[in-house]
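Sequence order for the protein chains is A and B. Heads up: the first sequence begins at 4 in the numbering used here, then just goes up one per residue. Heads up: the second sequence begins at 4 in the numbering used here, then just goes up one per residue. Where a beta carbon is used, it is the ideal one built from N, C-alpha and C, also for glycine. First comes the structure, then the notes that go with it.
There are 2 protein chains.
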Amino acid sequence: MASLSSQPYKGTRDFYPADKRVQNYIFNVWREVAERFGYEEYGAPLLEPIDIYAAKSGQEIVNEQTYQFTDRGGRNVAIRPEMTPSISRMVAGRRQELGYPARLYSIAQFMRYERPQHGREREFWQLNLDMFGVEGPQADAEMIIISDAIMRSFGADNKMFTIRINNRKLINYMMADYLGLDVIQSELMIKLFDKKGKISHEQFRDQAADIFGPTQQATGLSRIAALLSASSMAELPPEIRDSEPVREVRELFTILHDNGVTSAKFDISLMRGFDYYTGMVFEVFDNHPENNRSMFGGGRYDGLVGLFGVEPLPTVGMAPGATTTENFLRAHKLLPEFESSTDVYMIVLGEGSLKGAQKLAKELRAEGVKVAIDITNRKLDKQIKTAVKIKVPYMLFIGEKELSEELYRLKDVKSENEQTLGIERIVTTVADYRRRSDDDLDL
Amino acid sequence: MASLSSQPYKGTRDFYPADKRVQNYIFNVWREVAERFGYEEYGAPLLEPIDIYAAKSGQEIVNEQTYQFTDRGGRNVAIRPEMTPSISRMVAGRRQELGYPARLYSIAQFMRYERPQHGREREFWQLNLDMFGVEGPQADAEMIIISDAIMRSFGADNKMFTIRINNRKLINYMMADYLGLDVIQSELMIKLFDKKGKISHEQFRDQAADIFGPTQQATGLSRIAALLSASSMAELPPEIRDSEPVREVRELFTILHDNGVTSAKFDISLMRGFDYYTGMVFEVFDNHPENNRSMFGGGRYDGLVGLFGVEPLPTVGMAPGATTTENFLRAHKLLPEFESSTDVYMIVLGEGSLKGAQKLAKELRAEGVKVAIDITNRKLDKQIKTAVKIKVPYMLFIGEKELSEELYRLKDVKSENEQTLGIERIVTTVADYRRRSDDDLDL
């Protein structure tokens, strides 16, 4: 039989322990921040009926990017391409029982059939964090405050990232009332704004002119120019500046200011791809010159829970991705170095010492020390090689002499310092080391 | 438009926060025990090429139970129905780079298209823990030692569970040498032993007689009776008792004895479903009279890594499931009561107090207290109702008077005790409470 390939399925990643440590670090920061703000974890199924995406996720995702198939019972299902429809369904299913505001988060994987490229994989992991049941800018602000807290927990500062904020109601007002576009023109203009960063100024202007058409284009283009030249809400053209949607955005910025958020910036050109947003939208941008891009975002989507046959619920949410986060941390040199989760690798000198080594390991484990024993009866150098490969902080040498004296050689792999210690001192040495390492991660 | 269903996809579960707390408790115990024994976490893709299951998982799983489909690029893929082929592929992909013994674990979900029933779901979660690179009974023993440690970490004792152990080599010896069966007969007999617990003694005897055929059945049936009446290795018929495979099993039991494992028992009727096992096999049985069943198992599968075009590697592994574990814990009343991950729910009295409440929340969070703020400006009783619904241990009342005096009413939701405290005392009260709760979980 021909041998099977050892490569992962196209667009997916194998997480070996060294990769998984990085992913777990990102997950742990997400989890810590989410819970710090009172969000509770939930879990949702991998598969959902395809209908729940067809309803609201946007046609591109459903038609071109979902992994969909018919199950053995004839049901049309998809591997979830995002979490928002699933959590909306779950909240609808317990509409009466849940307490509001319902603050919920999950850390889960998703699949989309996209062309794999840097920072984009077919299987990807996200934090999804949503608040159900609260209208208005206080709930909107909490999403920005938490996004800012996540970035700072990773060690980032205002030079490294900016949170850009806009509002769908303002976008609608701008398209219909200020630019005078009809529904179809508005949709085209929103798509054009969405790709603004990826095309030249001339291309943008030419395509905008096409959307306006000959009679509207002169006024339209000058109005767009006036909009885009405004670097703050105060500089917006008066017809927009004093509109109701802008008042809502202003209120949001006041709350952000009160809560000490300094990374947020108004950006009238920010749109967001999903069809379901109804109010505030935001995106966290990486300011690194070689990685200048939107990292993640979120916004208000008040219509989704109501699709599942219950009273609608106002909702805001956000979803950072692990791969974009990892790329950000690497670009800004914020990623710590990780060692093995194992504390001590026991090097066993001679088969006769194994039983004693296992007894000692049991005692150390009972005191919270994570111990791997070399049970191979190989030569010393081979055992040491394994300890170094798995990046364990300590090696412990166990032979007949050590077992009879109850004193063991503990070697710090990095510094190469070696101490001869009894069991109690081994426990405290390892515990001290882990405490220092954990403190280093809480920047 | 007709509204969408709020039910999860058939055979899958929604994990609301209360359900997720139980699942996280199980995951945390698994993780803690795995790392205590020096295993490191990895992650693998959701999808794999269907070929890797066709090779070894057993035909029932591939043909009847996999969720398989053709992707948009024409590749035949399956949602993983188990982890063993994926981790074997991953180890093969880094055959040279990994250090051995490679001790690896993952906690992940799987899907099989089975009839949903108690303790069996189409989407299910497992710990997978494997050791690569070590032959012989020491590695076999480590799987049993860890299984025993997991059960004890959940608070179980010998009355509640038994680990039954057998060996594929012994099964082969018994089928071919002792019972005189050919390959096809052996396969049928193994299947019959596998369902022994689910059929009557008469059915078992009749079907065994059919497999032997008229000339062999008299001797065959009496030999099976002799096997099954042996309650220990010493009582086995001499032809088997002194065989090489039994010597290997004896050695394993000596190591288990040396390591203080008292829950293990030899069981010659134990087979295990997967085709890929090559040596030791084991299953952990629930001894509860109403739930008497195999909870999880594992064994040695030395052939799998070699299928991926590299030198084979001796391997042992095991895979407990979350649902069977949860059912076990419920049946034996071992499941703790869980509260919200949130420590404090802030009841905000009057809109004017919100800004001050947010400032206080920020300070508490910086000290490690997990705080949800009620930002709804609702009446007091509505806010309290939410705090009770999410099962938070403490409510903190914030009004203008409290903010000006910097003293706040902290109410213990369960005991209804109320104290008026400054910020430092709030931090220590909550921290003490969490320390006590965590200690309670480490039984």
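Contacts around residue i, its chain only, beta-carbon distance under 8 angstroms, and the 5 residues preceding and following it disregarded
| i | result |
| --- | --- |
| Pro119 (chain A) | Lys13, Gly14 and Arg125 |
| Thr379 (chain B) | Lys385 and Gln386 |
| Ile147 (chain A) | Ile166, Ile168, Leu255, Leu259, Val264, Ala267 and Phe285 |
| Lys288 (chain B) | Lys is not the amino acid found at residue 288 (chain B); the sequence shown has Phe there. Once the five neighbours on either side are set aside, the close Cβ partners of Phe288 (chain B) are Phe164, Thr165, Ile166, Arg167, Asn295, Arg296, Ser297 and Met298. |
| Ala152 (chain B) | Val36, Arg39 and Phe40 |
| Asp22 (chain A) | Arg16 |
Within-9 angstroms CB hit, residue i to chain B
| i | result |
| --- | --- |
| Phe40 (chain A) | yes |
| Thr328 (chain A) | no |
| Val137 (chain A) | yes |
| Asn31 (chain A) | no |
| Gln141 (chain A) | yes |
| Tyr279 (chain A) | no |
| Ile82 (chain A) | yes |
| Gly46 (chain A) | yes |
| Ser203 (chain A) | no |
| Asn131 (chain A) | no |
| Arg275 (chain A) | no |
Buried or exposed (CB count within 10 angstroms, at least 16 for buried), residue i
| i | result |
| --- | --- |
| Leu383 (chain A) | exposed |
| Gln99 (chain A) | exposed |
| Ser234 (chain A) | exposed |
| Asp441 (chain B) | exposed |
| Gly41 (chain B) | buried |
| Pro217 (chain B) | exposed |
| Ala37 (chain B) | buried |
| Val351 (chain A) | buried |
| Pro11 (chain A) | buried |
| Pro52 (chain B) | buried |
| Lys198 (chain A) | exposed |
| Asp213 (chain A) | exposed |
| Ala142 (chain A) | buried |
| Leu446 (chain B) | Annotation note: pLDDT 43 at Leu446 (chain B) (below 50); position unreliable, no value reported. |
| Arg78 (chain A) | exposed |
| Thr69 (chain B) | buried |
Beta carbon proximity, residue i to chain A, threshold 9 angstroms
| i | result |
| --- | --- |
| Gln112 (chain B) | yes |
| Val391 (chain B) | yes |
| Asp512 (chain B) | For residue 512 (chain B) there is no data in the structure shown, the boundaries of chain B being 4 and 446. |
| Ala228 (chain B) | no |
| Ile55 (chain B) | yes |
| Met93 (chain B) | yes |
| Arg78 (chain B) | yes |
| Ser225 (chain B) | no |
| Phe72 (chain B) | yes |
| Phe2 (chain B) | Residue 2 (chain B) falls outside the range modelled here, since chain B spans only 4 to 446, and no answer is possible. |
| Arg75 (chain B) | yes |
| Leu101 (chain B) | yes |
Nonlocal neighbours in the same chain, by C-beta distance under 6 angstroms from residue i, ignoring five residues either side
| i | result |
| --- | --- |
| Phe215 (chain A) | Gly223 |
| Tyr103 (chain A) | Gly136 |
| Pro248 (chain B) | Asn170, Lys172, Leu173 and Tyr176 |
| Trp128 (chain B) | Gln112 and Ala325 |
| Asp74 (chain A) | Val80 |
| Ser343 (chain B) | Ile393, Lys394 and Val395 |
| Gly183 (chain A) | none |
Same chain only: Cβ atoms within 7 angstroms of residue i, ignoring 5 sequence neighbours per side
| i | result |
| --- | --- |
| Val433 (chain A) | Asp346, Val347, Val372 and Tyr397 |
| Gly425 (chain A) | Glu409 and Leu410 |
| Ser272 (chain A) | Phe196, Lys199 and Leu231 |
Please list, in chain order, the residues of the segment 417-438 of chain B that have any C-beta partner in chain A closer than 7 angstroms.
none
Mind listing, in chain order, the continuous beta strand (DSSP E) runs of no fewer than 3 residues lying wholly within the segment 353-411 of chain A?
Fully contained in the segment 353-411 of chain A are the following beta strand (DSSP E) runs of length 3 or more, in chain order: 374-376 and 397-401.
Name the residues in the segment 240-264 of chain A whose C-beta lies less than 9 angstroms from a C-beta of chain B; which are they?
The segment 240-264 of chain A vs chain B, Cβ under 9 angstroms: Ile258, Asp261, Asn262 and Gly263.
Along the segment 9-23 of chain B, what residues have a CB closer than 8 angstroms to any CB found in chain A?
Hits within the stretch, in order: Ser9, Gln10, Pro11, Tyr12, Lys13, Thr15, Arg16, Asp17, Phe18, Tyr19, Pro20, Asp22 and Lys23.
Pull out every residue of the segment 375-386 of chain A whose Cβ sits closer than 8 angstroms to any Cβ of chain B, in chain order.
Ala375, Ile376, Asp377, Ile378 and Thr379
For the segment 130-170 of chain B, list the beta strand (DSSP E) runs that are entirely contained and at least 3 residues long, ordered along the chain.
164-170
Chain B contacts made by the segment 141-175 of chain A, where a contact means CB separation under 9 angstroms:
Result list: Gln141, Ala142, Ala144, Glu145, Ile148 and Ala152.
May I ask you to list, following chain order, the residues of the segment 345-363 of chain A that have a beta carbon less than 9 angstroms from some beta carbon of chain B?
Here the close residues are Thr345, Asp346, Val347, Tyr348, Met349, Leu357, Lys358, Gln361 and Lys362.
Just list the beta strand (DSSP E) runs in the segment 26-70 of chain A, keeping only unbroken ones of 3 residues or longer that don't cross its boundaries, in chain order.
50-52
Enumerated in chain order, which unbroken segments of the alpha helix (DSSP H) with a length of 4 residues or greater are wholly contained in the segment 180-238 of chain A?
186-197, 204-215 and 220-232
Only counting runs of 3 or more residues, tell me where the beta strand (DSSP E) segments fall wholly within the segment 262-330 of chain A, in order along the chain.
267-269, 283-289, 296-303 and 318-321
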